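Visitor:
Protein chains: 2
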Amino acid sequence: MDMSRYLEQKRLDVDRFLDQVIPAEKREPTTLHEAMRYSVFAGGKRVRPILAIAAAEAVGTPPRSVLAIASSLELIHTYSLIHDDLPAMDNDDYRRGKLTNHKVYGEAMAILAGDALLTLAFELCSRTDLMDDLEPQRQVQIIYELAVGSGHLGMVGGQVLDIQAEHQDIDLTALQRIHAYKTGMLIRAAVRMGAVAASAGAEQLQHLTGFAEDIGLAFQIADDVLNVTGTREQLGKNAMTDAQRGKKTYPTFYGVDGARALADQCVRRAIERLSSFDGKADALRELARYITERQN
Amino acid sequence: MDMSRYLEQKRLDVDRFLDQVIPAEKREPTTLHEAMRYSVFAGGKRVRPILAIAAAEAVGTPPRSVLAIASSLELIHTYSLIHDDLPAMDNDDYRRGKLTNHKVYGEAMAILAGDALLTLAFELCSRTDLMDDLEPQRQVQIIYELAVGSGHLGMVGGQVLDIQAEHQDIDLTALQRIHAYKTGMLIRAAVRMGAVAASAGAEQLQHLTGFAEDIGLAFQIADDVLNVTGTREQLGKNAMTDAQRGKKTYPTFYGVDGARALADQCVRRAIERLSSFDGKADALRELARYITERQN
């Protein structure tokens, strides 16, 4: 399959949907909506939404509502970037080659834009008009997955562990734990939400969950490698920031080549988990490969 | 009815429930859970949860799940206080007589504790074990009410309007609009969530929504009056902060006595809206009176 075309098509679908559901800049409070849109449309690759869509396709015909589910994941991801970039957190001035939210709108607005995006994610998933092709029971389950994946024992919890680990002498187990929470849990939620939307059975859901855990790890290792090998132009933000902050990463433990090999191993294992799925899971298989091969 | 006993009993119910559903401090990430608990158990009056419970009682027998719904409202309220107190926002050192979250745990942790509480609110409302006495359809509707009441066209939107209005020469219409969003929409959501949980019909829901809008306004006017007349001891935070910040409030437009009279008028109108409800709505009626009579 033509993966770059697939990615481009799905990205456009998600972007069009996000454009419809985030209020226009002219709608009051105008600055809030402008700030929300600024970061959502700052050029994200939409990896999490596309994973949700591809997981739904792997199970069967994705319901129309999968776009709302996919978009909610991007809203969560975007809010986390806005809050992570704040002066009190990572204090980053650039993200995806553009000024970070608080550099443009100020800290107060950036905090509130993040809060609003986080809340909008749950508004989207609880809208009945967007989700009328889903049983309410599945809709509740999808909302629950999103909350767990992004909350205190998911993404936010991982962010806390990550901050606490800075300048600490953590071991590999601690590093794996940080990433399982910080990146892994939302990727896991993305795949599970798509699968539940497409009415996955228990066994399918189990295989897909394992797949998600493996690619979540591969994704993070690849990110760490890119932070060492990527240029400022490729990344759209400063490179080598992990080393400057004294952060331990996969390359710290395995070296760049060792880390790359480990990521490849995770991808192979992830694809093996899909052995009981037919050709409808090909996009998911390709996505797994794409994750370690991407340059930004 | 003995209102102070009612309030005390419901507050205890809500606190006990919150204590069960927020992870213990010893659970990893320990500092995050400690920071979350610090602000949730800093002595709130639980007005929004109790409104939800009383609204459910007004309609019929509240389902067991109303406690999860009520508690989710307090999690949202608490997160909004944590973020509002941040240096980039109101920069407050004290809240309810205790140091604010970021003064104890630092800004990064305060931002993340707020994010985690916000997300936990939706986790609670989407748990099937806590909400098994509710039809999934109602559960989805309740989640939607919570998202709308607290999001970009609710509480967060109002916070943005409020920040933008500081040191501006706003008129009464603008002031009303700020408060309808900032305080009103979450109170409206509280009442509607309780009513939906108790299977309110369309007409009941309409009356209760009007009631909520009236007491939401009364609540804010009373808050503005207390900011002028209350002492630091009564409020648990500094008094006269609105005037110091150059904020226009109801006493600015009506004087203290005029503002009090307006609040009383809102409460009377709110109680009239309940004329078709029987004695089961008495707690709701008393709550409306309590709102303007409280001293903190």
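Chains A and D, in that order, are what the protein sequence lines are. End of the first sequence = 296 in my numbering, gap-free, step of one. End of the second sequence = 1296 in my numbering, gap-free, step of one. Think of the CB as a built atom: it goes at the ideal place given N, C-alpha and C, for glycine as much as any other residue. Predicted model, so just to flag it, every value in this text is computed and none were measured.
Which of the three DSSP states is assigned to D:K1248 in this structure?
Guide: Along the second sequence, one-based indexing puts residue 1248 of chain D at 248. In this structure, D:K1248 counts as coil in the three-state DSSP scheme.
Visitor: Measure the alpha-carbon distance for D:D1162 versus D:A1121 and round it to whole angstroms.
Guide: As a working note, residue 1162 of chain D is residue 162 in the second sequence. As a working note, residue 1121 of chain D is residue 121 in the second sequence. Each residue's Cα considered, the two are about 24 Å apart.
Visitor: Assign D:S1276 to one of two classes, buried (16 or more other C-beta atoms within 10 Å of its C-beta) or exposed (fewer than that).
Guide: Looking up residue 1276 of chain D in the second sequence gives position 276. D:S1276 should be labelled exposed.
Visitor: If I'm right that D:R1245 touches D:E1166 with Cβ under 8 Å, what's the distance once you round it to whole angstroms?
Guide: Within the second sequence, numbered from 1, the residue matching residue 1245 of chain D stands at position 245. Within the second sequence, numbered from 1, the residue matching residue 1166 of chain D stands at position 166. That pair is a contact at about 6 Å.
Visitor: Determine the DSSP secondary structure at A:R27, reduced to helix, strand or coil.
Guide: Taking the first sequence and counting its residues from 1, the one referred to as residue 27 of chain A is at position 27. Residue state, collapsed to three classes: coil.
Visitor: Starting from A:E107, trace the alpha helix (DSSP H) both ways and give me its first and last residue.
Guide: Position 107 of the first sequence, counted from the first residue, corresponds to residue 107 of chain A. Where A:E107 is concerned, the enclosing alpha helix (DSSP H) stretches over E107 to S126.
Visitor: With a threshold of 7 Å on Cβ separation, who are the neighbours of D:D1115 within its own chain once the five nearest residues in sequence on each side are excluded?
Guide: The residue given as residue 1115 of chain D occupies position 115 in the second sequence. Correct list: empty, nothing qualifies.
Visitor: To the nearest angstrom, how far is the alpha carbon of D:R971 from that of A:R177?
Guide: Limits of chain D in this structure are 1001 at one end and 1296 at the other, which puts residue 971 of chain D out of reach.
Visitor: So for D:K1045, helix, strand or coil by DSSP?
Guide: Looking up residue 1045 of chain D in the second sequence gives position 45. D:K1045 falls in the coil class under three-state DSSP.
Visitor: When the Cα atoms are used, what is the spatial distance from A:R294 to A:G230?
Guide: Start at 1 with the first residue of the first sequence, and residue 294 of chain A comes out as number 294. Start at 1 with the first residue of the first sequence, and residue 230 of chain A comes out as number 230. Their Cα atoms are separated by approximately 11 Å.
Visitor: Give the residues of chain A in contact with D:L1120, contact being defined as C-beta atoms less than 8 Å apart.
Guide: For the purposes of this step, residue 1120 of chain D is taken as the residue at position 120 of the second sequence. Neighbours of D:L1120 on chain A, chain order: A147, G151 and H152.
Visitor: Out of curiosity, what's the CA-to-CA distance linking D:L1067 and D:R1138?
Guide: In the second sequence, counting from the first residue as 1, residue 1067 of chain D sits at position 67. In the second sequence, counting from the first residue as 1, residue 1138 of chain D sits at position 138. When rounded, the distance between both Cα atoms is 15 Å.
Visitor: Give the range of the alpha helix (DSSP H) segment to which A:K10 is assigned.
Guide: Here the question's residue 10 of chain A lines up with position 10 in the first sequence. Run containing A:K10: M3 to V21, per the alpha helix (DSSP H) assignment.
Visitor: Using a 10 Å radius around the Cβ and a threshold of 16 neighbouring Cβ atoms, would you call A:D85 buried or exposed?
Guide: Looking up residue 85 of chain A in the first sequence gives position 85. Buried, because 16 or more other Cβ atoms sit within 10 Å of the Cβ of A:D85.
Visitor: Within the present structure, is the beta-carbon of D:L1161 separated from the nearest heavy atom of the ligand FMN by less than 7 Å?
Guide: Absent from the structure shown: the ligand FMN. Ligands present: none.
Visitor: Return the residues of the region 1097 to 1120 of chain D that lie within a Cβ-Cβ distance of less than 9 Å from chain A, sorted by chain order.
Guide: Answer in chain order: H1102, G1106, E1107, A1108, M1109, A1110, I1111, L1112, A1113, G1114, D1115, A1116, L1117, L1118, T1119 and L1120.
Visitor: Chain A partners of D:S1355, CB-CB under 7 Å?
Guide: Residue 1355 of chain D lies beyond the range of chain D shown here (1001 to 1296); nothing can be said about it.
Visitor: What is the DSSP secondary structure of D:L1099, counted as helix, strand or coil?
Guide: Position 99 of the second sequence, counted from the start, is the residue given in the question as residue 1099 of chain D. If DSSP states are grouped into helix, strand and coil, D:L1099 belongs with the strands.
Visitor: Could you tell me how far apart the beta carbons of D:A1147 and A:E123 are, in whole angstroms, since I believe they sit closer than 8 Å?
Guide: Counted from its first residue, the second sequence places residue 1147 of chain D at position 147. Counted from its first residue, the first sequence places residue 123 of chain A at position 123. With 8 Å as the limit, D:A1147 and A:E123 qualify as a contact, their Cβ atoms being about 4 Å apart.
Visitor: Considering only the beta carbon of each residue, do D:D1224 and D:T1241 sit closer than 8 Å?
Guide: Position 224 of the second sequence, counted from the first residue, corresponds to residue 1224 of chain D. Position 241 of the second sequence, counted from the first residue, corresponds to residue 1241 of chain D. In this structure, D:T1241 does not lie closer than 8 Å to D:D1224 by Cβ.
Visitor: Which same chain residues end up closer than 6 Å to A:H102 when comparing Cβ atoms and leaving out the 5 residues on each side of it in sequence?
Guide: Counted from its first residue, the first sequence places residue 102 of chain A at position 102. These residues qualify, in order along the chain: L86 and A110.
Visitor: With respect to the alpha helix (DSSP H) encompassing A:P136, which residues constitute its N-terminal and C-terminal limits?
Guide: Within the first sequence, the letter at position 136 stands for residue 136 of chain A. Note, A:P136: alpha helix (DSSP H), P136 to S150.
Visitor: Applying a beta-carbon distance threshold of less than 8 Å, which residues of chain D neighbour A:E123?
Guide: Start at 1 with the first residue of the first sequence, and residue 123 of chain A comes out as number 123. Going along chain D in sequence order, the residues near A:E123 (Cβ under 8 Å) are Y1144, A1147, V1148 and G1151.
Visitor: Check whether the Cβ of D:P1023 lies closer than 8 Å to any Cβ atom in chain A.
Guide: Counting from one through the second sequence, the residue named residue 1023 of chain D turns up at place 23. Answer yes: the Cβ-Cβ gap between D:P1023 and chain A drops below 8 Å somewhere.
Visitor: Return the first residue and the last residue of the alpha helix (DSSP H) that A:L284 is part of.
Guide: In the first sequence, residue 284 of chain A corresponds to position 284, counting from 1. Counting along the chain, the alpha helix (DSSP H) containing A:L284 begins and ends at D282 to E293.
Visitor: Return the Cβ separation of A:S4 and A:I76 in integer angstroms, given the expectation that the two are a contact with Cβ distance under 8 Å.
Guide: Position 4 of the first sequence, counting from 1, holds the residue named residue 4 of chain A. Position 76 of the first sequence, counting from 1, holds the residue named residue 76 of chain A. Wrong, their Cβ atoms sit about 26 Å apart, outside the cutoff.
Visitor: Measuring only between beta-carbons, confirm whether A:L73 sits less than 8 Å from chain D.
Guide: Taking the first sequence and counting its residues from 1, the one referred to as residue 73 of chain A is at position 73. No - not a single Cβ of chain D is within 8 Å of the one on A:L73.
Visitor: Is there contact here, the region 57 to 66 of chain A with the region 1005 to 1015 of chain D, by at least three beta-carbon pairs under 8 Å?
Guide: Touching, no.
Visitor: Given this structure, state the Cα-to-Cα distance separating D:L1208 from D:E1057, to the nearest angstrom.
Guide: As a working note, residue 1208 of chain D is residue 208 in the second sequence. As a working note, residue 1057 of chain D is residue 57 in the second sequence. Each residue's Cα considered, the two are about 12 Å apart.
Visitor: One question on the structure: do D:V1228 and D:P1251 come within less than 8 Å of each other, judged by their Cβ atoms?
Guide: Walking along the second sequence from the start, residue 1228 of chain D turns up at place 228. Walking along the second sequence from the start, residue 1251 of chain D turns up at place 251. A contact, by the Cβ cut-off of 8 Å.
Visitor: Thinking C-beta only, is A:A197 closer than 8 Å to A:I142?
Guide: Position 142 of the first sequence, counted from the first residue, corresponds to residue 142 of chain A. Position 197 of the first sequence, counted from the first residue, corresponds to residue 197 of chain A. Yes, they are a contact pair.
Visitor: Using the beta-carbon count (16 or more within 10 Å), is D:M1131 buried or exposed?
Guide: Counting from one through the second sequence, the residue named residue 1131 of chain D turns up at place 131. So D:M1131 ends up on the buried side.
Visitor: Closest to D:V1104 by CA distance: which of D:R1016, D:M1185 and D:S1039 is it?
Guide: Taking the first residue of the second sequence as position 1, residue 1104 of chain D is located at position 104. Comparing Cα-Cα distances from D:V1104 to each of D:R1016, D:M1185 and D:S1039, the minimum goes to D:S1039.
Visitor: Could you tell me which of D:E1145, D:F1211, D:L1172 and D:L1153 sits nearest to D:K1247, measuring between CA atoms?
Guide: In the second sequence, counting from the first residue as 1, residue 1247 of chain D sits at position 247. With distances taken between Cα atoms, D:K1247 lies closest to D:L1172.
Visitor: Could you tell me whether any Cβ in chain D is nearer than 8 Å to the Cβ of A:P62?
Guide: Counting from 1 along the first sequence, the entry for residue 62 of chain A is found at position 62. Chain D, which has no Cβ nearer than 8 Å to the Cβ of A:P62, makes this no.
Visitor: Note down, in chain order, every chain A residue with its Cβ under 7 Å from the Cβ of D:G1184.
Guide: What you label residue 1184 of chain D is simply residue 184 of the second sequence in a count that begins at 1. Residues of chain A passing the Cβ test: none, with the nearest at roughly 15 Å.
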